[in-house]
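Read through the structure below, which is laid out as structure tokens, and then see the notes.
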Amino acid sequence: MTKSFQLNMENLKLLPDTVLKPSFDRDKIKTSILHIGVSNFHRSHQAYYTHELIEKFNDLNYGICGVDLLDSDRKIYNILKDQDGLYTLYTKEPNGAHRAKIIGSIVEYFFGPENPLAVIEKMASPDIEIISLTIAEDGYHLNEITGAFDMNHPVVNEEIKNPFNPKTVFGYLTQAFKLRKLRNLPGCTILSCDNIKANGDTMKQSLFDYVSKTEPELLEWISENTTFPNTMVDRITTITDFDDIDTLKNDFLIEDQWPVVCESFAQWVIEDKFLHKKPSWEKVGVQFTENIEPYEKMKLRLLNAGHTILGILGTMCGYKTVYEAAIDDDFIVFLKSFMDEEVFPTLQESSPTNVNDYKKMLVSRFQNPHINDRLSRICQESSAKIPLFILPTIKDQLQSHKQITKSAFIIAAWCKYNDGIDDFKIPYKITDTISGTLIRNATLSHQNPIKFLEIESVFGDLNTNKLFTDSYEASLTLLRSHSIKDCVKEMNTRLA
Ligand code: CS2
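FYI, our numbering numbers position 356 of the sequence shown as 403, with every residue one higher than the one before it.
Structure, rendered in structure tokens:
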């Protein structure tokens with residue numbers, strides 16, 4: 048058997064030529080970006096673009112210092128420490144071509160639970176110009192109804208009592224900005240890279256709200272010394288499988304304890320609102336724009352909504368991956384008609400690209416047979432995703448008195464999904480912060496369909512819109528008495 052090599056700086060030279068390796072001197076890189084949340088997505092996306100900039104243009108000004116703040120991130124911290132911050136990006140194209148590239152842009156790494164003061168000190172270091180984040184939809188702690196920062200969250204309560212041992216991004220930023228102000232240092236660009244509407248504005252609102260309640264005298268400095276560009280981020284990145292770890296070992300001789308697997312497509316659009324000179328990411332395909340909204344709308348309402356639809360319908364039909372659901376003709380017909388009839392009218396005026404081309408490309412991305420993207424990943428935290436991916440389409444359509452039949456069907460299908468059992472009587476797990484409420488209200492909806500729409504933190508006042516509730520009730524009645532497949536077929540026969 049051919050010998051394989053544990054991934055680290057020392058062994059890089061021993062890896063075969065089929066592996067793309069960093070050719071730059073990592074010791075010479077200045078760390079000016081601090082990234083919070085070293086997730087698979089960060090590693091396939093922002094760290095990849097930054098690596099490309101260093102590798103192709105020898106721009107040594109923008110290395111990344113990775114930071115994780117949650118105890119649950121200890122595993123990736125230990126692995127990246129063992130691997131000198133290196134990891135493999137394993138990209139897979141629809142035609143089966145695959146490529147292993149070692150990414151070298153993460154040159155430092157700090158772990159909050161181990162040494163919170165070191166993280167604060169690093170955030171306050173003069174080199175740091177950009178603090179970027181992937182902290183997931185629920186990391187922003189904004190109350191859906193009031194729109195205010197949720198100070199009642201237990202973690203927030205704990206950190207306020209002990210500010211030098213922060214737990215949330217907001218606690219860390221507050222302490223770091225206090226130091227920067229004290230030391231007369233400039234502020235930073237805060238770059239949110241999460242899949243949420245107006246991610247920069249949302250981050251700004253969360254931080255300002257938090258600071259005004261905890262350190263009000265710092266607010267003025269922060270508002271004068273920070274910017275919050277909105278961004279649109281895109282690259283389908285799966286949960287890493289053991290099979291991928293084995294393939295990298297057998298075919299590329301890399302022993303990587305946690306590689307990242309993703310598609311070859313990637314897109315990053317950023318609002319041009321940087322405090323300092325920005326990294327020349329445009330040289331490696333990043334788009335800078337004055338107006339992010341059309342990009343963001345198109346991506347959230349088509350790609351992410353498309354995923355959610357395949358996830359919900361597919362799970363109830365016994366499928367396990369996006370690919371399986373996306374090669375089901377009935378599902379694809381349904382998805383395309385939802386996009387054409389109900390999403391497209393909400394985008395028309397502002398679309399940055401040809402929406403038809405974008406839609407076609409999405410379907411082929413979903414149908415990539417080599418990307419083992421599990422529906423369980425897609426469906427987790429749907430209560431945070433649906434208000435961002437589907438409900439805005441419904442609201443816009445209702446406002447302009449247009450079609451909502453397919454969207455109402457999707458919401459009814461999500462209600463049935465929360466029964467937790469597929470058409471073959473096989474149970475599946477509902478992974479959601481509010482799973483208890485979802486399951487309870489889905490159960491109540493067997494007697495009274497509207498009960499599910501009464502989850503105010505998700506649906507707001509949608510339950511009072513008769514046009515919507517009539518359509519939703521009709522769909523739920525159909526769904527409760529037929530298989531998901533038959534219902535989708537039936538929906539496909541209905542003309543817009
Ligand atoms: C997915 C996204 O989590 C989800 O529901 O739709 O993670 C999606 O894969 C990414 O946004 C792709 O850029």
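Cβ coordinates follow ideal geometry from the N, Cα and C atoms, glycine included.
As DSSP reads the structure, residue 487 sits in no beta bridge. With fewer than 16 other Cβ atoms from the protein chains shown falling within 10 Å of its own Cβ, residue 524 counts as exposed. Spanning the alpha carbons of residue 264 and residue 163 requires a straight line of approximately 23 Å. Taking C-alpha positions only, residue 229 is separated from residue 171 by approximately 10 Å. Take the alpha-carbon of residue 360 and the one of residue 376: they are about 13 Å apart.
Of the heavy atoms belonging to the ligand CS2, none sits nearer than 7 Å to the Cβ of residue 227. Distances from the CA of residue 56 to each of 317, 154, 430 were compared; the closest alpha carbon is that of 154.
Within the model, the alpha-carbon separation for residue 413 versus residue 389 is close to 20 Å. In chain order, 357, 413, 420 place their CB closer than 6 Å to the CB of residue 369, counting only its own chain and leaving out the 5 sequence neighbours on each side. Given a length threshold of 4 residues, each whole run of the alpha helix (DSSP H) inside the segment 408-483 is given here in chain order: 422-426, 429-436, 438-446, 452-464.
Residue 286 sits exposed, since fewer than 16 C-beta atoms from the chains shown fall within 10 Å of its C-beta. Relative to the ligand CS2, residue 354 has its C-beta within less than 7 Å of a heavy atom. Taking a C-beta distance under 8 Å as the contact criterion, residue 111 and residue 134 do not qualify as a contact pair. The beta carbons of residue 279 and residue 316 sit closer together than 8 Å. In this structure, the alpha-carbon of residue 408 lies about 22 Å from that of residue 243. DSSP places residue 62 outside both helix and strand once states are collapsed to three, so it counts as coil.
DSSP, read as helix, strand or coil, puts residue 121 in helix.
For residue 315, DSSP records a beta bridge to 280. Between residue 379 and residue 460, the gap from beta carbon to beta carbon reaches 8 Å or more. Put simply, the backbone Cα of residue 526 is about 44 Å away from that of residue 82. Residue environment: residue 289 is assigned as exposed (fewer than 16 neighbouring CB atoms within 10 Å of its CB, all protein chains considered). Within the chosen limit of 7 Å, the ligand CS2 does not reach the beta carbon of residue 508 with any heavy atom. The residues 304, 305, in chain order, have a CB closer than 6 Å to that of residue 126 in the same chain once the five nearest residues on each side in sequence are set aside.
Three or more beta-carbon pairs separated by less than 8 Å link the segment 421-432 to the segment 467-486, which places the two stretches in contact.
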